[in-house]
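Each remark here refers to the structure printed beneath this line.
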Amino acid sequence: MGGTPGEDLAGKQVILGVTGGIAAYKAPLVVRGLKSLGIDVRVVMTDASRYFVTPTTLQTLSGRPVHTELFPETPPGAFEVEHIALADRADLLLIAPATADFIAKMAHGIADDLLSCIALATKAPVLVCPSMNVNMYLHPATRENLDILQKRGVFILEPASGELACGWEGAGRLPEPERIVAESKKILYQKDLAGISLLVTCGPTCEDIDPVRFITNRSTGKMGAALVEAAGLRGARVKVISGPVNREYAPWADVIMVRSAGQMLDAVRDNLSGADVLVMAAAVADYVPETYRGAKIKKGDKLTSLGLKSSPDILSTIRPFKDDKFFVGFAAETDNLSDSARKKLMNKGLDMIVANRVGESGTGFGSDTNSGLILSEAGVLDHFEQVEKEVLAHRILDFIRERL
Ligand SMILES: Cc1cc2nc3c(=O)[nH]c(=O)nc-3n(C[C@H](O)[C@H](O)[C@H](O)COP(=O)(O)O)c2cc1C
1 MGGTPGEDLA GKQVILGVTG GIAAYKAPLV VRGLKSLGID VRVVMTDASR YFVTPTTLQT
61 LSGRPVHTEL FPETPPGAFE VEHIALADRA DLLLIAPATA DFIAKMAHGI ADDLLSCIAL
121 ATKAPVLVCP SMNVNMYLHP ATRENLDILQ KRGVFILEPA SGELACGWEG AGRLPEPERI
181 VAESKKILYQ KDLAGISLLV TCGPTCEDID PVRFITNRST GKMGAALVEA AGLRGARVKV
241 ISGPVNREYA PWADVIMVRS AGQMLDAVRD NLSGADVLVM AAAVADYVPE TYRGAKIKKG
301 DKLTSLGLKS SPDILSTIRP FKDDKFFVGF AAETDNLSDS ARKKLMNKGL DMIVANRVGE
361 SGTGFGSDTN SGLILSEAGV LDHFEQVEKE VLAHRILDFI RERL
């Protein structure tokens, strides 16, 4: 069984190279984010970076001595060659922020300080997060240097655009620490789903009654978002079809926003052919208004009932196009969980179904945890009781991977 995100990354070693850009003030938050995943962070600073953030801060947060010197007066334990030892032990070399100067050094193999020696010596994947004034970033020298690195297989996290510390507007801002941690996590994860394409539906649907009112349900998209994140971390290509939700999906997912069950059906039909796995985690409306009224229903209209009709059944409609795709359904039930899920599995021709209890605390809509069971034609694969949705997402993916 694949592990939780914490289990997978605990003990991994990341060298965080901090160079002399103004955004070095964000490096302590990157250290904290990586440490919260159980990662062992070794900070290496260039001379210039010490004008922007202190080694003491980074040392305290990483819980490790900070490395700054290529020729330290007291060599670290057992007289090992420090830059080679650090380079060899790393699972990832992360340079955040990366100055124009350091990017140029990396591109041309210059090794005149501890961090540039490590960059040249390591066999670990490298993630570079450029951050600088927009003109420095757009300068042909920097563009060419980044191209060289990219061609060599270095991962580049493009800077964000906006107001820069130097007063200019444009590209060059270091992405937020959470984004840098997410990209690092993605590189560190085992890619057991590489080459697999997942299509995931998430969230509720909204069925409009008039321009003011609509029918919806309590789904928040949390379970689907956890699946999207976990699948991307494990190397899958992920496309999301989401109803209206108040959340962002993992930055690497391709997201299509829809509103109604009808729109969700169209989007699933249009995108199914490229997918190996379809996960229907959305809570699609079962009933929709018979008619949409283009003008607001007024209070004085004395409306006493609302005509409803069944919504389009997405799974039944796309079933003829299933071929050898793996279909996973979700069921949310207040009672008879197992029987209802088994029926849905059979009736809809699913390969697997995740049934979760709703209507009590600690499970279902909006909750951080879920309780229920996972079923296939062979029977119950798993019972889960108040399991974190992030952990459950990995479990579901483990079962899918075993069956592909
Ligand atoms: C106040 C100040 C802010 C700077 N900010 C940046 C920056 O954000 N990005 C950058 O590439 N260079 C920046 N520089 C220039 C670098 O500090 C300079 O190129 C230095 O040599 C980089 O050294 P390093 O790459 O070894 O860390 C800044 C310089 C100063 C004085």
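Numbering (the working numbering), first residue to last: 1 to 404.
All residues carry an ideal CB built from backbone N, CA and C; glycine is no exception.
Distance CB(residue i)-CB(residue j) smaller than 8 Å
i	j	result
A250	V258	no
P28	V66	no
K325	D276	yes
G364	N370	yes
D323	R403	no
I289	I215	Per the sequence presented here, residue 289 reads as Pro, with Ile not at that position. Contact flag set, yes.
V18	A24	yes
G349	F327	yes
A85	G203	no
A107	H83	no
T304	A261	no
G172	Y137	yes
T56	G20	no
R401	L193	yes
Nearest-angstrom Cα separation, counted from residue j out to residue i
i	j	result
G167	V134	10 Å
I22	P175	13 Å
H139	Y292	55 Å
A48	A141	21 Å
D301	S311	26 Å
I39	D112	28 Å
D101	G63	28 Å
S367	N217	14 Å
M280	V212	28 Å
I15	D339	51 Å
T201	K26	35 Å
P130	V44	17 Å
I209	V358	26 Å
L345	V245	27 Å
K123	V284	47 Å
G153	G243	36 Å
E178	L157	13 Å
I196	S36	29 Å
Residue i beta carbon near ligand 1 (any heavy atom closer than 7 Å)
i	result
M264	no
G167	no
G21	yes
F71	no
D112	no
D101	yes
M132	yes
M223	no
T46	yes
M106	no
M257	no
Residue of the options minimising C-alpha distance to residue i
i	options	result
E360	G349, L272, E333 and S311	E333
I148	G162, E163 and A104	A104
E183	I84, L345 and L34	L34
Q59	A283, T46 and R42	R42
A98	G38, T57, I180 and F71	I180
D88	R64, G362, I95 and I118	I118
G232	Y137, A393 and A96	A393
R234	K151, R269 and L397	L397
A236	S242, V245, G243 and W252	W252
N347	G362, D335, I314 and E390	I314
A230	K185, I297, T201 and M264	K185
R269	I241, K296, E169 and V245	I241
L337	N356, G329 and L345	N356
V238	V245, P244 and L227	L227
G170	E207, M132 and G243	M132
L61	R32, Y51, F71 and E73	R32
Same chain, Cβ closer than 7 Å to residue i, five either side skipped, listed in chain order
i	result
I187	L92, P125, L127 and F155
A10	G38
L272	L199, L278, I318 and F321
L265	P312, I314 and T317
Own chain partners of residue i with C-beta closer than 8 Å, once the 5 adjacent residues on each side are dropped
i	result
R247	T220, G221, K222 and A225
E69	L114
F399	M352, I374, S376, L381 and D382
D286	S310 and S311
F384	N370, S371, G372, L373, I374, L392 and R395
G109	L120
G362	T369, S371 and Q386
E144	A107
Cβ neighbours of residue i in the same chain (closer than 6 Å, five flanking residues each side left out)
i	result
D8	none
K12	I39, D91 and L188
T341	It is worth fixing the name first, because residue 341 is Ala in this sequence and not Thr. So the list reads A331, I353, A355 and L375, once near-sequence residues are dropped.
L94	V14, L16, L127 and S184
R297	It is worth fixing the name first, because residue 297 is Ile in this sequence and not Arg. For I297, where only same-chain residues beyond five positions count, the Cβ hits under 6 Å are D210 and L303.
Ligand 3 heavy atom lying under 7 Å from the CB of residue i
i	result
S49	Ligands displayed in this structure: ligand 1; ligand 3 is not among them.
Short CB-CB distance (under 8 Å) between residue i and chain D
i	result
N135	Among the chains of the structure shown, chain D does not appear; only one protein chain is present.
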